[in-house]
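Before any comments, here is the structure.
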Ligand code: 6PG
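Given below as structure tokens:
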């Protein structure tokens with residue numbers, strides 16, 4: 011996929027439309043290559059999407075036994091912490107579907123040596139992730155790659171220890187090469203608070219230093235009408 015696909019949906023359909031697309035991508039990847047690697051997004055937006063994937067009919071559409079799950083970023087907190095992306099995914103999805111535990115590869119961001127943890131996780135990642143799910147922050151960040159971050163200039167390492175402007179401040183994140191190598195990318199955004207970031211990411215001049223989510227410009231963007239309102243405004247500009 012080399013071009014951007016924009017899907018704007020009513021808020022009440024957002025989670026099921028995103029979950030359906032993810033289920034379809036995972037099933038197709040298994041059909042095409044025998045297995046699928048899926049890198050999860052953190053934060054709040056994916057919660058309801060994961061919940062949809064954890065219940066019939068979508069739960070039964072995904073060949074979970076052939077799926078390996080990874081994480082695009084993680085906060086430096088214990089895996090049972092309320093701020094942990096792994097804890098959120100486990101609660102909303104992974105504890106409710108028949109995926110073997112050995113196929114859930116969490117980032118051990120809580121380790122005393124985060125640099126070592128980031129190197130080991132980078133080595134664990136597949137060459138190309140089949141399905142990469144990303145969110146976008148109101149400031150245009152994605153994963154834990156924030157505007158102006160040194161991570162934006164990383165071309166060799168696949169995971170870095172970074173500092174976030176918002177708590178939890180220490181995080182581990184994938185780097186641009188992982189995003190660029192992904193076979194398919196889905197970006198999800200919900201709510202008016204994301205409207206400006208979505209508009210900049212989707213229609214603004216290409217400047218990932220300022221809008222890191224543009225690293226995923228060639229993705230399928232699934233956004234609700236509120237998050238798309240900046241696009242409508244721009245489209246309606248004289
Ligand atoms: C994280 C995520 C981050 C998230 C955006 C949007 O660890 O927080 O990886 O990139 O996708 O910050 O977060 P919300 O979905 O909570 O708005």
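Numbering (our numbering), first residue to last: 11 to 248. Every residue, glycine too, gets a C-beta built ideally from N, C-alpha and C.
Using a threshold of 9 Å, state whether the C-beta atoms of residue 183 and residue 83 are closer than that. yes
Can you name, in chain order, every residue of its own chain whose Cβ lies under 6 Å from the Cβ of residue 217, other than the five neighbours on each side? none
Cβ-based neighbour list, residue 11, same chain, cut-off 7 Å, excluding 5 preceding and 5 following: Caution is warranted here: a pLDDT of 44 is assigned to residue 11, below 50, making its placement in the model unreliable, and the coordinate value is therefore given only provisionally. Hits under 7 Å: 194, 228.
On the DSSP letters alone, give me the boundaries of the alpha helix (DSSP H) that residue 76 sits inside. No alpha helix (DSSP H) holds residue 76; DSSP gives it neither H nor E.
Quick test of the definition: if touching needs 3 or more C-beta pairs under 8 Å, does the segment 64-76 touch the segment 100-110? yes
What would DSSP say about residue 194, mapped onto helix, strand or coil? strand
Note down the Cα distance separating residue 139 from residue 172, rounded to an integer number of angstroms. 21 Å
Could you tell me the alpha carbon to alpha carbon distance between residue 45 and residue 143, rounded to whole angstroms? 17 Å
Give me the Cα-Cα distance between residue 205 and residue 162, rounded to the nearest whole angstrom. 23 Å
Alpha carbon to alpha carbon, how far is residue 248 from residue 239? Any reading at residue 248 must be qualified, since the residue scores a pLDDT of 45, below 50, and its modelled position is unreliable; no value is offered.
Can you tell me which of 64, 53, 179, 49 puts its alpha carbon nearest to the alpha carbon of residue 146? 53
Count Cβ pairs between the segment 53-70 and the segment 185-199 that sit closer than 8 Å; are there 3 or more? yes
Cα separation between residue 119 and residue 224? 26 Å
Residue span of the beta strand (DSSP E) that contains residue 232, given as start and end: 230-234
Does the Cβ of residue 81 have 16 or more other Cβ atoms within 10 Å, making it buried, or fewer, making it exposed? buried
Closer than 8 Å: residue 115 CB and nearest ligand 1 heavy atom: no
Same chain only: Cβ atoms within 7 Å of residue 136, ignoring 5 sequence neighbours per side: 47
Under 8 Å: do the segment 151-166 and the segment 89-106 share three or more Cβ pairs, one atom per stretch? no
Contained beta strand (DSSP E) runs [length at least 3] in the segment 58-115, N- to C-terminal order: 77-81, 83-85
Let me check you understand the geometry: is the CB of residue 70 closer than 8 Å to at least one non-hydrogen atom of ligand 1? no
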